[in-house]
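**Student:**
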Amino acid sequence: MCPSSGSDASIPLRRVGPSLSQKAEGQLDSDCEFAVHTHLPSTASRAIANLSRVRRRLSQLRVRLWVSAICCGLAAVLAVAGCGESESDNASEPNTGAAPSAALPAPTGGPGVGQPQAQSGCTKQASDSGQMEQAMAEAVAGDRICLTGDMNDTRLEIRNSGTPDRPIIILGGGKTTTKGITIEGNDIVVDGVAAVQGKAPGISIKGNNITLQNSTSVSPQGGDGDAIRFWGRNIKILHNTLGPTGHCGPCHADCFQTFATNTPTSQNVLIDSNRCEKIENICLIAEGPNADDGSHHGQSSNFTFSNNYCDNKASQATFVDDIQNVTISNNQIVGRHSEKAFAFQNGSTGAKVIGNNITRPVDYEVGMDDSSEQGYQGPRPGGGP
Numbered sequence: 483m484c485p486s487s488g489s490d491a492s493i494p495l496r497r498v499g500p501s502l503s504q505k506a507e508g509q510l511d512s513d514c515e516f517a518v519h520t521h522l523p524s525t526a527s528r529a530i531a532n533l534s535r536v537r538r539r540l541s542q543l544r545v546r547l548w549v550s551a552i553c554c555g556l557a558a559v560l561a562v563a564g565c566g567e568s569e570s571d572n573a574s575e576p577n578t579g580a581a582p583s584a585a586l587p588a589p590t591g592g593p594g595v596g597q598p599q600a601q602s603g604c605t606k607q608a609s610d611s612g613q614m615e616q617a618m619a620e621a622v623a624g625d626r627i628c629l630t631g632d633m634n635d636t637r638l639e640i641r642n643s644g645t646p647d648r649p650i651i652i653l654g655g656g657k658t659t660t661k662g663i664t665i666e667g668n669d670i671v672v673d674g675v676a677a678v679q680g681k682a683p684g685i686s687i688k689g690n691n692i693t694l695q696n697s698t699s700v701s702p703q704g705g706d707g708d709a710i711r712f713w714g715r716n717i718k719i720l721h722n723t724l725g726p727t728g729h730c731g732p733c734h735a736d737c738f739q740t741f742a743t744n745t746p747t748s749q750n751v752l753i754d755s756n757r758c759e760k761i762e763n764i765c766l767i768a769e770g771p772n773a774d775d776g777s778h779h780g781q782s783s784n785f786t787f788s789n790n791y792c793d794n795k796a797s798q799a800t801f802v803d804d805i806q807n808v809t810i811s812n813n814q815i816v817g818r819h820s821e822k823a824f825a826f827q828n829g830s831t832g833a834k835v836i837g838n839n840i841t842r843p844v845d846y847e848v849g850m851d852d853s854s855e856q857g858y859q860g861p862r863p864g865g866g867p
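Residues are numbered in our numbering as their position in the sequence shown, beginning at 1, plus a constant of 482.
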C-alpha cells in the first residue's frame, strides 16, 4: 500500500505505484506516484513533497548502483579474458644478475648462424663418414651433396671444384657435425656444417669463389688454435658462429686469420654477420705479402669486415698489416679493456672505419702508422698500431 499522511489520514489517497517500503526492498522497479486531493493542507503537501524527493533520490541511487555493478562486471570479465593490460604486463623482467644465455641466436639476420639452406635437390647423400668421404671425392660441378648425422670422427675435405654457374654445394642442414672442414678448390659453397674440435684451423679455406655460411667452428685443437684461416679471391664468410679458441697451450688463437707467406694472397673478401665468442687472441688478423714474413709477391686487398660480433682478449679486435682498402663497419666489439679496437700498419692504405659499436673500454678506437694514413676515412687515430 502507498503510505497515508498521518493526521490527514481521513483524506483518501490513491495508490498508482509501489509503496516506498517496496521500493526500498527492491521488490519493484517502477516509480510510486500518488494522486492527492486538491485541497490537502499545507503540512500534508510538504510531507508528500518530501516523500517525492526521497523517492527521486532513491531512484537515482538505484541507477548508479546498477551502472557500477555493470562496470565492475565488465571489468572482471575483461580481466579474466585477458583483454586488458595489467601493470605486470608492461613491467620489465627483474634483473637477476644472471649471465646472458649462450644459446645461438634465432635466425634473424644478426651475427651468428642463420637459417641453413634446405636439403633438397640432393644429387648425393651421406649419413656416415665413409659415405661423406666418397661423396667429396666424386663431387662434380652442379652437385648438391646433403650430409646428415654425426661424423665428428672425420674431417670434411673437399678438393674438387665447381664452376661459377654450377658450384659444388655441400649442405649440412645445421645439424651435421664433422671433425673440422677443409676447402681447397674453386666455386664451392658449404652451408650448415659444424666443425667440432678438429685440428686447427677448425675450418681452412683456400681457393676462389668460395662461400662458407651458417656453420660453426668449435674449440679447434693444436697448432695456433684458429677458428678459420682463408686464402684466395672472392671469398664470403657469412653468418657463422666461431669459438671458443685457445685449446692449444701457449698459442695465437684467432677467430679469422690470413697471411701471404708460401700461401696465396687474398682479394675481395667479405666477412659479414659472424659471431666470434671467447676468442683468445684477435678476431681478425690479416697480413699481406709485405708483412715481415711475407712472400713479397702480389697484393692482398679489398676486405670488408662488417656486422660481426667480436669477443676477444687481445690488445685489439682487428689487426691489418699490408692489406689495402679494408672496410671495418657496424661491428660490435666487446670484452676486456684493450689499448685500441682496430690497428693498421705497413701501408694498409684506403681503410674505412664506420659505425662500430665498441662496448669494452679502449684507450682509442683506431691505431695507425704513418704509412697507412693515405685515403683513410674514420675516427681520428689515437696512437700507433
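By construction, the Cβ of each residue, glycine as well, lies at the ideal position given by its N, Cα and C atoms.
Do Asn790 and Ile764 have their beta-carbon atoms positioned less than 8 Å apart in this structure?
**Tutor:** The answer is no: Cβ separation not under 8 Å.
**Student:** Fully enclosed by the stretch 764-849, which beta strand (DSSP E) runs are 3 residues long or longer?
**Tutor:** DSSP runs (the beta strand (DSSP E)) wholly in the stretch 764-849: 766-769, 783-788, 791-794, 800-803, 806-811, 814-817, 820-827 and 834-836.
**Student:** Near Gly864, what residues of its chain come up, given a Cβ to Cβ distance below 6 Å and the 5 sequence neighbours on each side ignored?
**Tutor:** If we look at Gly864 and ignore the five residues flanking it on each side, its Cβ neighbours are Tyr846.
**Student:** Nearest CA to the CA of Thr809: which residue from Pro593, Pro843, Ile753 and Ile840?
**Tutor:** Of the candidates Pro593, Pro843, Ile753 and Ile840, the one whose C-alpha sits nearest the C-alpha of Thr809 is Ile753.
**Student:** Please list, in chain order, all residues of the same chain as Asp635 whose beta carbon is under 8 Å from its beta carbon, the five residues on each side excluded.
**Tutor:** Correct list, in chain order: Ser611 and Lys661.
**Student:** So Ser686 is in the alpha helix (DSSP H); what residue range does that whole segment cover?
**Tutor:** Counting along the chain, Ser686 falls outside any alpha helix (DSSP H), though it belongs to the beta strand (DSSP E) covering Ile685 to Lys688.
**Student:** What is the rounded straight-line gap between the Cα of Asn668 and the Cα of Ala677?
**Tutor:** Between Asn668 and Ala677, the C-alpha separation is close to 20 Å.
**Student:** Suppose you measure from the CA of Gly714 to the CA of Val844; what does that come to, to the nearest Å?
**Tutor:** Near 33 Å, if we compare the C-alpha coordinates of Val844 and Gly714.
**Student:** For Ser748, count the other beta carbons within 10 Å of its own beta carbon; 16 or more makes it buried, fewer makes it exposed. Which is it?
**Tutor:** Classification for Ser748: buried.
**Student:** With DSSP as the reference, label Asp736 as helix, strand or coil.
**Tutor:** Note: Asp736 maps to coil in three-state DSSP.
**Student:** Compare the Cα-Cα distances from Ile815 to each of Gly829, Gln806, Cys792 and Ser797 and report the closest residue.
**Tutor:** Comparing Cα-Cα distances from Ile815 to each of Gly829, Gln806, Cys792 and Ser797, the minimum goes to Cys792.
**Student:** Give the DSSP bridge partners of Gly714, in chain order.
**Tutor:** Note: Gly714 sits in a beta bridge opposite Ser748.
**Student:** So, at 7 Å on beta carbons, what are the nonlocal neighbours of Ser503 in its own chain, with the 5 sequence-adjacent residues on each side left out?
**Tutor:** Its pLDDT being 37, under 50, Ser503 is placed unreliably by the model, and the measurement read from it follows with that caveat. Result list for Ser503: empty, nothing under 7 Å.
**Student:** Residue range of the alpha helix (DSSP H) that Gly612 falls in?
**Tutor:** From DSSP, the alpha helix (DSSP H) with Gly612 extends over Ser611 to Ala619.
**Student:** Should Ile650 and Gly656 be called a contact, given that it needs their Cβ atoms to be closer than 8 Å?
**Tutor:** Contact: no.
**Student:** Would you identify the three-state DSSP class for Asp673, choosing helix, strand or coil?
**Tutor:** Note: Asp673 maps to strand in three-state DSSP.
**Student:** On a CA-only basis, which of Cys737, Val675 and Val751 is nearest Asn716? Give me that one, please.
**Tutor:** With distances taken between Cα atoms, Asn716 lies closest to Val751.
**Student:** Can you tell me the Cα-Cα spacing of Pro589 and Ala619, whole angstroms?
**Tutor:** Legend: pLDDT at Pro589 = 41, less than 50; position of this residue unreliable, value from coordinates given subsequently. Cα to Cα, Pro589 sits roughly 32 Å from Ala619.
**Student:** First and last residue of the beta strand (DSSP E) that includes Gly654?
**Tutor:** Here the beta strand (DSSP E) through Gly654 covers Ile650 to Thr660.
**Student:** Out of Thr743, Thr723 and Pro702, state which residue places its alpha-carbon closest to the alpha-carbon of Ala735.
**Tutor:** Ranking Thr743, Thr723 and Pro702 by Cα distance to Ala735 puts Pro702 first.
**Student:** With burial defined as no fewer than 16 other Cβ atoms inside 10 Å of the residue's Cβ, what is the status of Asn855: buried or exposed?
**Tutor:** Sequence check: residue 855 is Glu here, not Asn. Its Cβ having fewer than 16 others within 10 Å, Glu855 is exposed.
**Student:** Helix, strand or coil, according to DSSP, for Asp852 in the structure here?
**Tutor:** Correct three-state label for Asp852: helix.
**Student:** Is Asp804 buried or exposed, if buried means 16 or more other CB atoms sit within 10 Å of its CB?
**Tutor:** With 16 or more Cβ atoms within 10 Å of its Cβ, Asp804 is classed as buried.
**Student:** Report the three-state DSSP secondary structure of Cys891 (helix, strand or coil).
**Tutor:** Examination of residue 891 is not possible in this model, given that the chain is present from 483 through 867 alone.
**Student:** Measuring alpha carbon to alpha carbon, tell me which residue in Phe741, Glu759, Leu766 and Arg757 is nearest His778.
**Tutor:** Closest by alpha carbon: Phe741.
**Student:** By the 10 Å Cβ neighbour count, where 16 or more other Cβ atoms means buried, how is Ala600 classified, buried or exposed?
**Tutor:** So Ala600 counts as exposed.
**Student:** Using the three-state DSSP reduction, which class does Thr636 fall into: helix, strand or coil?
**Tutor:** In this structure, Thr636 counts as coil in the three-state DSSP scheme.
**Student:** Going by beta carbon distance, what residues of the same chain come within less than 7 Å of Ala682, once the five residues before and after it are set aside?
**Tutor:** Here the set comprises Pro702, Gln703, Gly704, Gly705, Asp706, Gly707, Asp708 and Cys730.
**Student:** Is the beta carbon of Thr727 less than 8 Å from the beta carbon of Arg757?
**Tutor:** The answer is no: Cβ separation not under 8 Å.
**Student:** Going by beta carbon distance, what residues of the same chain come within less than 7 Å of Gly817, once the five residues before and after it are set aside?
**Tutor:** Same-chain partners within the cutoff: Asp793, Asn794, Lys795 and Arg842.
**Student:** Distance check for Ile767 and Thr630, CA to CA, integer angstroms please.
**Tutor:** Each residue's alpha carbon lies about 33 Å from the other.
**Student:** Using the three-state DSSP reduction, which class does Thr693 fall into: helix, strand or coil?
**Tutor:** Thr693: strand per DSSP, three-state reduction.
**Student:** Lys760 bridges to which residues according to DSSP?
**Tutor:** DSSP lists no partner for Lys760.
**Student:** If we ignore side chains and look at the alpha-carbon of each, how far apart do Gln739 and Met614 end up?
**Tutor:** In a straight line, the C-alpha of Gln739 is about 27 Å away from that of Met614.
**Student:** Indicate the three-state DSSP secondary structure (helix, strand or coil) for Gln703 in the structure shown.
**Tutor:** In the structure shown, Gln703 sits in a strand (DSSP, three-state: E or B).
**Student:** How far does the beta strand (DSSP E) with Lys606 in it extend, from its first residue to its last?
**Tutor:** That run of the beta strand (DSSP E) goes Lys606 to Ala608.
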